[in-house]
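**Student:**
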Amino acid sequence: MKFSESLKKNSDFQKVYRNGRSFANRFLVMYVLENEKNCNRIGISVSKKVGNSVIRHHITRLIRESYRLQEEMFNSGLDIVVIARTTARNASYQEIYSALSHLGGLHKIFKRTEN
RNA sequence: GACGCAGGACAGGUGAUCGCGGCUGCAAGUGUCGAAAGACCGCAGGUGAGGAAAGUCCGGGCUUCACAGGGCAGGAUGCCGGUUAACGGCCGGUGGAGGAAACUCUAAGGAAAGUGCAACAGAAAUAUACCGCCAGAUCUUUCUGGUAAGGGUGGAAUGGCAGUGUAAGAGACUACCGCCUCGCUGGUAACAGGGAGGGCACAUGUAAACCCCAUCUGAAGCAAGACCGAAUAAAAGCGAUGACGUGGCCCGCCAGCUUUAGGUAGGUCGCUUGAGACCAUUGGCGACAGUGGUUCUAGAUAGAUGAUCACCCAACGACAUAACCCGGCUUAUCGUUCUGCUAAUCUG
RNA sequence: GGAGAAGUACUCAAGUGGCCGAAGAGGUGCCCCUGCUAAGGGUAUAGGUCGGGUUGACCGGCGCGAGGGUUCAAAUCCCUCCUUCUCCG
């Protein structure tokens, strides 16, 4: 991805959970925290309760693809953690895509489209 | 033909756009990091999950640790023979159970080496007479003795059944069956067939109770392990270096420099050419083994296969994502398709 | 990825082949105590589900995570699955 790298360390995740703001909808939960960097860092977390390995990987790919296509709309300098809820098991790509953009709107982290 | 039985193959395909992990090559900079080597960014090509990758139930390779040799304990396996690197797997056979058959299932050694346990019921559970039957005695309704044919209890009660016999009975005796012992024949063997004898003793069941017998077995696991190695803390050394104790020196101490061990963060290796795959052929009923040829086919490290559109098809596909690697087993699974076999029932 | 442990009524749980018809505690219902509650005391209860039944009792079958097996008999012994939890950098 052009402007982003992935969030890897467990301590980074804990920092975002403790200090970040969160919004949720039917399929996803999103935590956001500002970092003092030029790029965004995104972490995707899918619990074992959601399903087996195939389902979890598939959900991860859907979220990453949705983020990739909307990447240029996001502000930079953010640590984002996206958590899939149990209801996301049977969700299609379109549902995930709209859920992600809905949460981005709630966080008000989209760039002004007028510019 | 339906139904049934056994064995095997496939696991959506094609095209377009965007995107991801290794690998190979190119490009060469006005880009970023770096002293440099180089790394990142860029372009192109090629490549990229399964039949179970799953469960982790067995076995092996590999690695580290332990170890003079041997045994005990513990664990595993358990009809016989073969196969294999090895196995609890597989193949072929034997016995037993099921089915009309094709065929399927089978932890299937020893209970006459010893110990334990067998609730309740029942007179009695491994040793015994409750009722009954019979004989004798007798105070005439009790006692003594014999008896496992009958009743009742129980999962299990003196081998079964028919006869002889007897007071009543009893392998007490006889035939058949079962059991045990010893030869014979066939078979590598499990075992099968048939013969002679015993005369039922040990008396039932349980070894997925302890145990006996035979065979095997050191422990842990790639988060194993090997190498490199910041930072911090530690030790040793250095003296025309600096500050302080001090006005000066020895010395001390702090800083500085060098070295050492340690092995954390992190990195590299282990890591994919292997008991490999495919084809042909030879031996074998088969599992499998031999020979020859061809071929190289993921290697990530928060962890790569997805999204959209169009077409095909009855079907948006079912179950499911390698993590050191192999051989099995078990479990999950929408369907499509091929080969062989059976003949109870139904249809033609 | 690897190594282990556990599963019993609503909850916590005892039960290591047969008196299990599954102990005990909490919980629940009723009564006493109190002006009313809490606490305390007493007492009762289905202890799940299916079938039968005189619809109060009561009787029978299946039930200890699920399914098989061994045994006369299984919560207990053996095998295969499922779920939950713990440890290893």
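Each residue of the first sequence is one higher than the one before, counting from 337 in our numbering.
Every residue gets a Cβ at the ideal spot worked out from N, C-alpha and C, and that includes glycine.
Source: prediction; values computed, not measured.
1. Of the choices 445, 440, 391, 446, whose alpha-carbon is the least far from that of residue 365?
2. Would you check whether the ligand FAD has a heavy atom nearer than 8 Å to the C-beta of residue 368?
3. Rounding to the nearest angstrom, what Cα-Cα distance links residue 402 and residue 428 in this structure?
4. Check the DSSP bridge columns for residue 381 and list the partner residues they point to.
5. When the distance is taken between beta carbons, is residue 363 closer than 9 Å to residue 420?
6. Kindly indicate which three-state DSSP category residue 349 falls into: helix, strand or coil?
7. Compute the Euclidean distance between the alpha carbons of residue 449 and residue 409, then round it to the nearest angstrom.
8. Among 444, 424, 430, 389, whose alpha-carbon lies nearest the alpha-carbon of residue 405?
9. What is the DSSP secondary structure of residue 449, counted as helix, strand or coil?
**Tutor:** The short version:
1. 440
2. Of ligands this structure carries none, so the ligand FAD is not represented either.
3. 11 Å
4. 419
5. yes
6. helix
7. At residue 449 the pLDDT is 44, less than 50, meaning the model places this residue with poor confidence and gives no usable figure here.
8. 430
9. With a pLDDT of 44 at residue 449, under the threshold of 50, the predicted position of this residue should be treated as unreliable, though the coordinate-derived value follows. Correct three-state label for residue 449: coil.
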